[in-house]
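J.: Residue numbers for the sequence shown follow our numbering, so the first one is 659 and each next one is one higher. The beta-carbon is built from N, C-alpha and C at its ideal position, and this holds for glycine as well.
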Amino acid sequence: MAKEKVIIIGSGLGGLLCGCILSREGYSVKVLEKNRQIGGCLQVFARKGHIFNTGLNYTEGLADGQILYKYFKYVGVFDKLKLARMDIDGFERITYKNEEYKFAQGQELFIENLVEKFPKERQTLTKYVEDIKQISKKFPLYNLNVHNYQITNWEIYEQSIAQYFDTLTNNNDLKNVLCGANMLYAGLPNKTPFYIHAIINNSFVNSAWRLVDGSHHLAISLAKIIKDNGGEVLKNKEVTKFRFADKKISAVETNDGEVFETDLVISNTHPANTLKMIDGNQVYGAYRNRIMSLKNTIGMFSLYIVLKENTFEYQNYNHYYHKGSSVWGAENYSEKQWPEGFMFYTLAGSKSLKYAESVIVLSYMSYNDVAKWENTWIEQRGDDYLEFKNKKAEQLLDLVEQKFPTFRNKIGSYYTSTPLTYRDYTGTPEGSSYGILKESDQLLKTIISPKTKIQNMFFTGQNLNMHGVLGVTIAAVMTCGEVLGNDYLVDKIKAST
């Protein structure tokens, strides 16, 4: 009997994970990637012999028995990764009002570290830690002991971050500190659902890790698993059109004219970009209009720094720096006041962890700031664009030196990217950092189901319920569960660990 054919569009983490799961279940899998490098946000690039990540900076939940560990064990990729656990005592350092606060791994240590700074808030911090743990347990597929495949009790998820913290405490400084790493989800406190904050922070408090020598090793390992299972991962294959028969997709066409017949399609690209490839009469107008109208999260300006040898010690933690009285840079974004803050981290390498070889600095950037060049392509944007990037880089370094005085003296060279760069490499509209913006007051509209209005087409990736490595992994399991059966797939995952 012939294997069912599956075409997966996009080789980001979600697409590769779906490819691994379905290929091991006997499906004939082809992953089609438009770029010359696989991986989506797992892609890397090299400058002067140094590797820089483009999206995955660190990840969570990979200690023995934790949730991402279980998923990666099932897929068969965990043992292929070289990991470095971040500082237990403070994997995140939040600078707010010129005071530094440590986020520790482990619930008790997390509380104790912050009680040192907020001695009257032990009860508040204990409640916060318990709340984010309980919300995470109830989230679909976060807890494999419960077969919860769909969001229920919607009122839990429709609470905004601001609403939650306003009921938690009146201590404004504590609120800001606990939200000090919101660059992980580009939060808007009155819009972003609290469940996003809760799941991300709970997962990192459980454990935080860096991939050694670059995030691309995860993509390479996943692609090899697909190939070992008889599948293919093809580069330079941009899907541009779907062919239909009896209201189902029968084949996809690529930009070079090649046609791939299929029984199923899984799109790991942004849903809006996917629908642009489908003729209007194949999808209901209301569905198309809903998807096309959704807002996306803000983008980032990225500074990639090669350091002079042995000048800056490796830091096994990240810095989030906020220069004002609010940590909500995405909500308060102003080009005139830019930058209001940054994320700063050194990269883990296998040569030495005494001195850092490279640093990445990120700060929010609106697509409007670069919209004048939106009809250009990488390396072809002109001198005025280069001048713009250089100016922004120097402004960002001015702020970095408020945290790390004389840091410029340690720089050998630096490179930059904007939301346009991210748009062109990942296909994310407007270079959005985390795809579709989830809005607590219209959650049903902004959450994307893996099932589409086309019988044999499914979505996966960061635009469904959650982004990040854990969120995308859960989304891939949700998508494959629609194909294989949720109970069947979850039981297989549990049996493998």
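Which runs of the beta strand (DSSP E) spanning at least 3 residues fall entirely within the region 979 to 1037, listed in chain order?
T.: Runs found: 999 to 1004, 1016 to 1023.
J.: With DSSP run on the structure shown, which of helix, strand or coil describes Pro851?
T.: Correct three-state label for Pro851: strand.
J.: Give me the Cα-Cα distance between Tyr1043 and Thr1034, rounded to the nearest whole angstrom.
T.: Taking the straight line joining both Cα atoms gives about 10 Å.
J.: Exposed or buried, which one is Gly810 when buried takes at least 16 other CB atoms within 10 Å?
T.: The question names Gly, but residue 810 is Thr in the sequence shown. When all chains shown are included, Thr810 counts as exposed.
J.: Write down every uninterrupted run of the alpha helix (DSSP H) in the region 1090 to 1141 whose length is 4 residues or greater and which is fully enclosed by it, in chain order.
T.: The qualifying runs are 1101 to 1104.
J.: When you compare only the Cα positions, how much space is there between Asn711 and Asp1082?
T.: Rounded to the nearest angstrom, the two C-alpha atoms are 16 Å apart.
J.: Count the other CB atoms within 10 Å of the CB of Leu1020; is the residue buried (16 or more) or exposed (fewer)?
T.: It is buried - the Cβ of Leu1020 has at least 16 other Cβ atoms within 10 Å.
J.: Alpha carbon to alpha carbon, how far is Ala909 from Phe918? Give it in angstroms, no decimals.
T.: Rounded to the nearest angstrom, the two C-alpha atoms are 5 Å apart.
J.: How should Lys1210 be labelled, buried or exposed, when 16 other C-beta atoms within 10 angstroms of its C-beta is the threshold for buried?
T.: Residue numbering for the chain in the displayed model covers 659 to 1155; residue 1210 lies beyond these limits and cannot be assessed.
J.: For a quick check, are the C-beta atoms of Leu741 and Val870 less than 8 Å apart?
T.: Contact: yes.
J.: Report the three-state DSSP secondary structure of Met659 (helix, strand or coil).
T.: Note on Met659: pLDDT 43, under 50, position unreliable in the model; the coordinate value appears next. In this structure, Met659 counts as coil in the three-state DSSP scheme.
J.: Out of curiosity, what's the CA-to-CA distance linking Ala903 and Asn939?
T.: Each residue's alpha carbon lies about 13 Å from the other.
J.: Once the 5 residues before and after Ser1075 are set aside, which same chain residues still bring their CB inside 7 Å of it?
T.: Same-chain partners within the cutoff: Ser960.
J.: Identify the continuous alpha helix (DSSP H) that holds Lys885 and give its terminal residues.
T.: 874 to 886 is the extent of the alpha helix (DSSP H) around Lys885.
J.: By the 10 Å Cβ neighbour count, where 16 or more other Cβ atoms means buried, how is Trp986 classified, buried or exposed?
T.: Its Cβ being crowded by 16 or more others within 10 Å, Trp986 is buried.
J.: If you run the structure through DSSP and keep just helix, strand and coil, what is Ala1051?
T.: Helix, per DSSP.
J.: Among the candidates Asn801, Gln821, Ala844, Lys885, whose CA atom is the shortest distance from the CA of Tyr729?
T.: Taking only the C-alpha atoms, the option nearest Tyr729 is Asn801.
J.: When the distance is taken between beta carbons, is Thr955 closer than 8 Å to Ser1090?
T.: Yes; because the gap between Cβ atoms is below 8 Å, this pair is in contact.
J.: According to the neighbour-count rule (16 or more other Cβ atoms, all chains shown, within 10 Å of its Cβ), is Ala877 buried or exposed?
T.: Classification of Ala877: buried, given that the 10 Å Cβ count is 16 or more.
J.: In this structure, does DSSP put Ser1071 in helix, strand or coil?
T.: Here Ser1071 sits in strand by DSSP.
J.: Could you tell me whether the region 1134 to 1145 touches the region 675 to 684, using the rule of 3 or more Cβ pairs below 8 Å?
T.: The answer is yes - the region 675 to 684 touches the region 1134 to 1145, with three or more Cβ pairs under 8 Å.
J.: Can you confirm whether the region 793 to 800 touches the region 889 to 903 when touching is taken to mean that 3 or more C-beta pairs between the two stretches lie within less than 8 Å?
T.: Too few Cβ pairs lie closer than 8 Å, so no.
J.: For Glu1140, is the beta carbon positioned less than 7 Å from some heavy atom of the ligand HEM?
T.: What this structure holds is no ligand at all, so the ligand HEM is not there to describe.
J.: Please report how far the alpha carbon of Leu680 lies from the alpha carbon of Tyr754, in whole angstroms.
T.: Taking the straight line joining both Cα atoms gives about 46 Å.
J.: Using the Cα positions of Gly684 and Arg868, report the straight-line distance between them to the nearest angstrom.
T.: Spanning the two alpha carbons is a distance of roughly 32 Å.
J.: Using alpha carbons as the reference points, say which of Gly1129, Val1130, Tyr1080, Tyr1092 lies closest to Val702.
T.: Among Gly1129, Val1130, Tyr1080, Tyr1092, the Cα nearest to that of Val702 belongs to Tyr1080.
J.: Between the beta-carbon of Ser983 and the beta-carbon of Asn990, is there less than 8 Å?
T.: No; because the gap between Cβ atoms is not below 8 Å, this pair is not in contact.
J.: Leaving aside the five residues before and after Asn887 along the sequence, list all residues of the same chain whose C-beta is less than 8 Å from its C-beta, in chain order.
T.: Cβ within range, chain order: Cys678, Ser681, Arg682, Val687.
J.: Do Phe1117 and Ile1106 count as a contact pair if the criterion is CB distance below 8 Å?
T.: In contact: Ile1106 and Phe1117 (Cβ atoms closer than 8 Å).
J.: Report the option in Ser925, Gly915, Asp914 whose CA atom is closest to the CA atom of Ile907.
T.: Ile907 has its Cα closest to that of Ser925, out of Ser925, Gly915, Asp914.
J.: Return the CA-CA distance between Ser879 and Lys738, expressed in angstroms with no decimal places.
T.: So the two alpha carbons sit approximately 7 Å from each other.
J.: For Ile884, which residues in the same chain have their Cβ closer than 8 Å to its Cβ, ignoring the five residues on either side in sequence?
T.: Closer than 8 Å at Cβ, skipping near neighbours: Leu674, Gly677, Cys678, Ser681, Val687, Val689, Glu890, Val891.
J.: Where do the ends of the alpha helix (DSSP H) carrying Ser766 lie?
T.: It is worth fixing the name first, because residue 766 is Glu in this sequence and not Ser. It spans 765 to 775 - the alpha helix (DSSP H) in which Glu766 sits, taken as one unbroken run.
J.: Pull up the CB-CB distance for His874 and Leu700, whole angstroms please, since I reckon it's below 8 Å.
T.: His874 to Leu700, Cβ: 6 Å. Contact.
J.: Using 8 Å as the cut-off, can you tell me whether the region 932 to 952 makes contact with the region 816 to 830, which would need three or more C-beta pairs spanning the two stretches below that distance?
T.: No, because fewer than three Cβ pairs between the region 932 to 952 and the region 816 to 830 fall closer than 8 Å, the two stretches do not touch.
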